[in-house]
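Below you'll find the structure, written out as C-alpha cells, and then a few comments.
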Ligand code: SAH
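In the numbering used here, the protein residues as written are 1 to 465.
Written out as C-alpha cells, the structure reads:
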C-alpha cells in the first residue's frame, strides 16, 4: 500500500498563492530566535533578510536566500522593491520567510509590508521577535522597569533629527542613534531631564562584540561625537552599577573555525563560529532521480558527516525513512559519518577505528569488498578520489552523488578579533582560510588546534617557523 506524503510547501487554504511569514530574528544572538520562527525558516522556500540579521543565523537554513539590505557591496534595496520581491515570490506559490532584525513591528516597517500583502490578497502571519531594547536590557542587566524606580518605559527613535520626541516616561530607549546620540541628549535636556541622569549606549547588543558606554547625561554630552552602529541609547535611574560587569561580559569568547561542534561549556563561553566552507544543499531533482534507482546499488558509502546529514534530509523530503535502505550495506570512511549515522538509528557495517587516512582501504581489502555497486553520497569538491580509486581497483563500481556543495567561505561580516579571547582551528584548511582573511592574530588571543597537522600548519603560517 502506498500513502501520499503531504508536501512541505502546503499551507492550508492558500496553496496556490503562496504564503508569507514576517518573522522577527531577534537582536543578534542566533539563539534568541523563537521556536516558531525557527520551524518556519526550516520549511521556507525562500528567505528575504535584512541588514541586522546575523549571517550566523541565516546560514543555518537551506532555503534560497535573498539579501534585501543596504550593504555597500550589493544592490541597495528600497522598501518598494522589497515589497515587490516578497509579492513576486509569493505569487509563484512559494512559502516566503521575510526575516527582519529584532521585532518586525518595532521600527521594522512590518506594517507596510503586510499592507502590500493584503492588497495583493496574499495570506500571511507575523511571528514576533525579541526587539533590540529587550536584548540589550537582558544582556547588560538594565531592567527596563523597576519597582519604585521606573514604572514606565518608552521606545523612541533618534531619526530623523528634527523629529526627536521625548515622551513622559521613567526609562527612555532610543533606537537609530548611530549618528544622533548628541541630538537625542540635547532633546532630553531641553525636556527638563537632569544632568546627573544615568545613560548607557549599547552597541551590538547580544552579539560577541557587544560594547557598552556609560556615564551621566552631562558627561556624555561633553564627549566627542562618535558613530555607534547598531546601537541603542538608554536613559533612566534603573541603569545600575552591574552594567559594566554584567553576566554576558564575563564569558570567554572563542572563535571556532570549521564546522566542528566543540563541547564548549555555554556557562563560560560564547562560541563565535567561523565557517571555513560555505555549504549548500545539492540539486534536489538529481538526488531524487538517484533515489528512484536506489535498488541498483548494493552499498552506500558515507565519507563525511555532512554527506549523512544531507542524504537523510533529501531522503526524508522524498518521503522515505531508514527502511528505504533496508537492503543495502552501509559503510562509512570517517568516524564523524559513523556517529552521525547513529543519530538516524543506523549502525554502519564497516567504519574506521582511527582517523588515519588509508585505513578504510585496508579494511575494504581485508573484508573482501569486491564486485559491489557502491553509491557514494558526497560533496561536489571530489576529494574522495583515493577511496574511489582503491574501490575500483577491487572491481567495485563507484557512483558519486553530490548531496551538498562546498565553496570557499566569504565572511559576510568581518569579525573583530579585538573581542575574541581564544581561537580553535579544526583543520589545516581552516588555518589557511583564516590566514587569507587575517594576516596576524593579536597576541592576547590563545590558540588551540585539533591535531598535529593543524598545529603545524598554524605554526608555519602564523609563527614563521
Ligand atoms: N525591528 C528592530 C529595530 C530596527 S531599527 C528591533 O525590533 O530591534 C534599527 C535600529 O535597531 C538600530 O539603529 C539600532 O538602534 C537598533 N538595533 C538593532 N539591533 C541592535 C543591536 N544588536 N544592538 C543595538 N541596537 C540594535
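Positions of the beta carbon are idealized from the N, C-alpha and C atoms, including for glycine.
Item: Backbone CA spacing between residue 447 and residue 264 [nearest angstrom]; Value: 14 Å
Item: For residue 461 and residue 227, the rounded distance between their alpha carbons; Value: 35 Å
Item: Pick from 69, 325, 270 that is closest to residue 249, judged by C-alpha positions; Value: 270
Item: Whole-angstrom distance between residue 18 and residue 11, CA atom to CA atom; Value: Because residue 11 sits at a pLDDT of 45, beneath the cut-off of 50, its placement in the model cannot be relied upon, and the point is left open.
Item: Three-state secondary structure assigned by DSSP to residue 277; Value: strand
Item: Supposed close pair residue 52, residue 273 - CB separation, criterion 8 Å; Value: About 18 Å; that fails the 8 Å criterion.
Item: Close-in-space but distant-in-sequence residues of the same chain around residue 216 (CB under 7 Å, 5 per side omitted); Value: 195, 196, 197, 198, 199
Item: Cβ shell of residue 454 (< 8 Å), same chain only, five flanking positions each side left out; Value: 425, 426, 427, 428, 430, 431
Item: Residue 428 - containing alpha helix (DSSP H), residue span; Value: 428-437
Item: Beta-bridge pairing of residue 26 - partner residues as DSSP gives them; Value: 102
Item: With 16 other Cβ atoms within 10 Å as the buried cut-off, status of residue 224; Value: exposed
Item: Residue 152 beta carbon less than 7 Å from that of residue 238; Value: no
Item: The segment 114-126 in contact with the segment 140-150 per 3-pair CB rule at 8 Å; Value: no
Item: Backbone secondary structure at residue 314 - three-state DSSP; Value: helix
Item: Exposed unless 16 or more other CB atoms sit within 10 angstroms - verdict on residue 2; Value: Caution is warranted here: a pLDDT of 45 is assigned to residue 2, below 50, making its placement in the model unreliable, and no coordinate value can be reported.
Item: Residue 280 to residue 169 span [Cα, whole Å]; Value: 48 Å
Item: Contained alpha helix (DSSP H) runs [length at least 4] in the segment 337-390, N- to C-terminal order; Value: 359-366
Item: Buried versus exposed, by CB contacts within 10 Å (16 or more), residue 89; Value: buried
Item: Nonlocal neighbours in the same chain, by C-beta distance under 7 Å from residue 208, ignoring five residues either side; Value: 253, 270, 272, 419
Item: 7 Å Cβ shell around residue 276 - same chain, five flanking residues per side excluded; Value: 257, 258, 409, 429, 430, 433
Item: Proximity winner among 464, 452, 449, relative to residue 488 (alpha-carbon distances); Value: Residue 488 falls outside the range modelled here, since the chain spans only 1 to 465, and no answer is possible.
Item: Sequence ranges, beta strand (DSSP E) only - wholly within the segment 230-300, length at least 3; Value: 231-235, 252-257, 269-274, 277-281
Item: Contact belief for residue 388 with residue 403 at Cβ below 8 Å, rounded distance in angstroms; Value: About 16 Å; that fails the 8 Å criterion.
Item: Residue 312 versus residue 323: straight-line alpha-carbon distance, rounded; Value: 12 Å
Item: Opening and closing residue of the alpha helix (DSSP H) in which residue 81 lies; Value: 79-91
Item: Residue 213 - DSSP class collapsed to helix/strand/coil; Value: strand
Item: Cross-strand partners of residue 153 (DSSP beta bridge); Value: 171
Item: Beta-carbon proximity list for residue 452, same chain, < 8 Å, skipping 5 on both sides; Value: none
Item: Residue 232: CB within 6 Å of a non-hydrogen atom of the ligand SAH; Value: yes
Item: Residue 450 versus 458, 443, 444, residue with shortest Cα-Cα distance; Value: 458
Item: Assigned secondary structure, residue 425 (DSSP; H/G/I helix, E/B strand, else coil); Value: strand
Item: Continuous beta strand (DSSP E) stretch holding residue 447: start and end; Value: 446-449
Item: Any 3 or more C-beta pairs closer than 8 Å across the segment 283-291 and the segment 363-374; Value: no
Item: Stretch-stretch touch, CB-based, cutoff 8 Å, three pairs: the segment 298-318 with the segment 332-348; Value: yes
Item: Contact set for residue 456: own chain, Cβ-Cβ below 8 Å, skip 5 residues either direction; Value: 428
Item: Under 7 Å between C-beta atoms of residue 83 and residue 116; Value: yes
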